[in-house]
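One structure is given here, and the rest of the page talks about it.
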Amino acid sequence: MAEPLSADVVIIGSGMGGSTLAYGLAQRGIDVLVLERGHHLPKEPQNTSPEAVFVERRYKPKDTWYADDGTPFAPGVHYIVGGNTKVYGSSLPRLRERDFEETVYPNGVSPKWPFSYADLEPYYCQVEALYNVHGTPGPDDSVTPPFEPWRSQPYPYRALAHEPYVAETLDRLSAQGLHPSTTAMGVDLRPGGRCIRCGTCDGFPCRWDAKSDAEVCALEPALATGRVRLVTGAYVDRLETDSSGRIARAVGTLEGEPLEVRGRVFASSGGAANSAALLLRSGVANSTGLIGTRYMVHNNTHIAAIDPRRPNDVVFQKTACVNDFYDDMGDGYPGGTLQLIGKVQASMMKTHATKAPLSVLKPMAARSMEWLVMTEDTPDPRNRIYLDSAGRLTVSWTRTNYDRHELMLAKARSVLKKAGYVAIFEQRFDISMNSHMCGTAVAGEDPRASVLDPWCRSHDVDNLYVVDSAFFPSSGAQNPALTIAANALRVAEVIPA
Ligand SMILES: Cc1cc2nc3c(=O)[nH]c(=O)nc-3n(C[C@H](O)[C@H](O)[C@H](O)COP(=O)(O)OP(=O)(O)OC[C@H]3O[C@@H](n4cnc5c(N)ncnc54)[C@H](O)[C@@H]3O)c2cc1C
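Residues in the sequence shown are numbered from 133 upward in steps of one, following this note's numbering.
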């Protein structure tokens with residue numbers, strides 16, 4: 133048995149939610165213990181090897197989840213200090229004002245959040261500073277990029293410059309009347325910053341600590357206060373209650389040995405699926421039976437657009453997005469975002485185009501530009517995380533609101549073809565590509581219709597919080613991490629000292 137541990141606030145998981153929460157609590161002088169099942173990601177040459185990262189899946193855990201029919205799959209998760217942010221693409225946009233309100237689609241409803249964009253806006257400003265977000269479009273800081281929500285402070289840092297190939301493509305899109313803008317990016321390109329604008333950012337760990345991940349930007353400064361402790365290799369299996377129904381301890385294993393941790397307050401920050409699984413294993417906070425339900429992942433498709441006449445010599449490609457269709461695709465209903473992703477190399481293409489020889493993929497990759505088409509999926513009680521009879525994490529998932537995605541894909545194809553891309557290849561995300569997962573313990577005012585209150589505290593158990601992407605009542609159609617972090621700082625202000 134490992135030595136019993138205790139803290140005022142015990143946080144389970146050191147990803148975007150957990151680390152940012154720890155940072156916020158440390159600012160208030162609260163004693164925090166972060167329990168992380170994984171370890172520190174090693175800094176090594178393989179960090180920048182597409183073969184090691186994408187083919188050998190070196191940093192992926194040996195974890196298996198199951199589809200409803202029992203089919204096993206390797207989920208899009210990373211059990212390491214910093215969680216998924218150690219490999220994420222650092223695109224850190226805000227949700228839009230409309231995302232916090234109800235949106236009725238032809239085939240689904242995106243529900244209202246229990247707080248508004250205006251409520252979260254001050255915290256967006258704080259986390260943009262914490263995560264070194266670059267986004268100010270030009271010399272006039274007061275100009276908000278097109279199709280972005282209002283902001284009370286300018287972006288902390290100037291937007292990333294587009295490389296010539298990207299700039300030329302954006303001109304072609306602008307000539308069609310579109311308004312491409314710079315992607316809000318969390319990389320350390322501050323004056324004297326550590327980012328070298330290499331080609332291995334999106335999907336790779338950063339050897340230079342120049343990516344604004346949760347470990348570098350939130351956890352390390354939190355640990356430096358001396359008020360936060362981190363224990364790695366600590367897997368929390370269950371939360372156990374005392375006779376009053378409050379959480380008394382977390383139990384699990386520390387490097388394989390039994391572990392018990394006592395605390396005054398517990399925050400589950402294991403990510404949407406693992407937080408749901410933890411609460412289900414524990415049999416707590418589930419008087420509504422809603423834990424695990426309303427699982428969302430975004431409707432995402434990767435596009436490789438090929439212009440055989442223009443070799444793409446870009447190194448850092450992820451600098452631009454097109455949000456013209458976000459609020460209205462021309463039919464009165466929202467669409468989504470079209471966002472450049474990191475330059476995809478031939479060996480990365482091979483992980484999906486398994487039958488195509490590298491001799492074909494190499495010239496393709498040299499002439500392609502890769503985008504992500506992202507639209508909103510709607511919460512459906514049937515889409516859920518549950519434990520099967522053997523206690524295995526199981527995902528029931530059917531695409532929702534997908535007609536909007538098809539329309540947005542058609543728009544993307546159309547504008548890219550007009551911009552000179554004669555061939556477009558698509559890779560639609562499947563059940564295993566759940567990196568934007570959210571929902572599963574949604575926040576709301578009504579204790580009969582939500583798991584958490586508006587401050588992410590369990591309606592049932594007053595010393596239990598869930599502070600990761602699980603609280604999202606709807607997914608919006610922008611990358612989730614900045615919103616997870618902003619909400620974590622918001623919750624950090626109200627956890628009782
Ligand atoms: C390749 C990739 C690219 C991405 N790109 C972007 C992007 O550009 N922009 C963006 O906004 N988002 C991006 N995302 C998504 C983003 O990383 C996630 O939305 C975000 O990290 C989720 O934060 P979280 O706190 O919910 O969970 P995570 O960051 O996943 O953290 C959960 C942590 O909890 C730990 N944990 C889980 N269960 C337990 C347990 N029982 N006991 C102890 N520890 C536990 C895990 O090991 C992990 O460290 C990307 C993700 C991936 C994989």
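All C-beta atoms in this analysis are idealised placements derived from N, C-alpha and C, irrespective of residue type, glycine included.
Ligand 1 heavy atom lying under 7 Å from the CB of residue i
i	result
S344	no
M148	yes
I379	no
G267	no
H434	no
V209	yes
R524	no
T217	yes
R169	yes
H484	no
L252	no
I143	no
I616	yes
S223	yes
I563	no
H430	no
H172	no
R519	One detail in the question is off: residue 519 reads as Leu in this sequence, not Arg. No; taking the cut-off as 7 Å, the Cβ of L519 has no heavy atom of ligand 1 nearer than that.
V368	yes
L321	no
A404	yes
Nearest-angstrom Cβ-Cβ length linking residue i and residue j, presumed shorter than 8 Å
i	j	result
G384	T572	Not a contact, Cβ separation roughly 20 Å.
I144	A399	7 Å
A316	G267	4 Å
A620	T276	Actually they are not in contact, since the Cβ atoms of A620 and T276 sit about 25 Å apart, beyond 8 Å.
L262	A350	6 Å
I328	A405	Between A405 and I328 the Cβ distance is about 34 Å, and since that is not below 8 Å, they are no contact.
G147	G208	Not confirmed; about 13 Å, so no contact.
G468	M540	5 Å
Endpoints, the beta strand (DSSP E) within which residue i is located
i	result
I379	379-386
Y597	596-598
Y237	235-237
I144	137-144
T373	366-373
R329	Element bounds for R329: n/a, residue is neither H nor E.
I212	Segment: none, I212 is in no beta strand (DSSP E) and carries neither H nor E.
I517	516-519
V547	Where V547 is concerned, there is no enclosing beta strand (DSSP E), although the alpha helix (DSSP H) it sits in stretches over 534-550.
T469	468-472
T425	Run containing T425: none; DSSP gives neither H nor E here.
V527	525-528
Delimiting residues of the alpha helix (DSSP H) encompassing residue i
i	result
Y560	A small correction: the amino acid at residue 560 is Arg; Tyr does not occupy that position in the sequence shown. Looking at the DSSP string, R560 is not in any alpha helix (DSSP H); the run it does join, the beta strand (DSSP E), is 555-560.
P495	490-498
C257	249-262
L411	404-414
G150	148-159
A575	Taken as a continuous stretch (DSSP letters only), A575 belongs to no alpha helix (DSSP H), as it is neither H nor E.
V298	296-306
V623	613-624
S479	478-482
E352	352-356
Bridge partner(s) assigned by DSSP for residue i
i	result
I438	S500, A555
H266	Y289, M317
W197	F205
R361	L165
N432	M506
P390	T385
H171	I212
E398	The residue asked about is misnamed: residue 398 is Phe in this sequence, not Glu. Paired residue(s): V142, L596.
G343	According to the sequence shown, residue 343 is Lys rather than Gly. K343 pairs with V319.
C647	Since the first residue of the chain shown is 133 and the last is 629, residue 647 is not available in this structure.
S223	M317
R589	Y597
S242	T235
L584	A575, S590
> Between the segment 412-431 and the segment 604-616, do three or more beta carbon pairs fall short of 8 Å?
Replying inline: yes
>> Can you confirm whether the segment 483-490 touches the segment 367-381 when touching is taken to mean that 3 or more C-beta pairs between the two stretches lie within less than 8 Å?
In response: no
>> For the pair the segment 178-190 and the segment 322-341, tell me if three or more CB-CB distances fall below 8 Å.
In response: yes
> Just checking, does the segment 436-448 make contact with the segment 387-399 on the three C-beta pairs under 8 Å criterion?
Replying inline: no
> Taking three-plus beta-carbon pairs below 8 Å as touching, is the segment 539-556 in contact with the segment 575-593?
Replying inline: no
> Between the segment 442-458 and the segment 235-245, do at least 3 Cβ pairs fall closer than 8 Å?
Replying inline: no
>> Counting beta carbon pairs with one atom in the segment 499-508 and one in the segment 523-537, are three or more of them shorter than 8 Å?
In response: yes
> Using 8 Å as the threshold, is the segment 194-207 in touch with the segment 559-567, meaning 3 or more CB pairs across them?
Replying inline: yes
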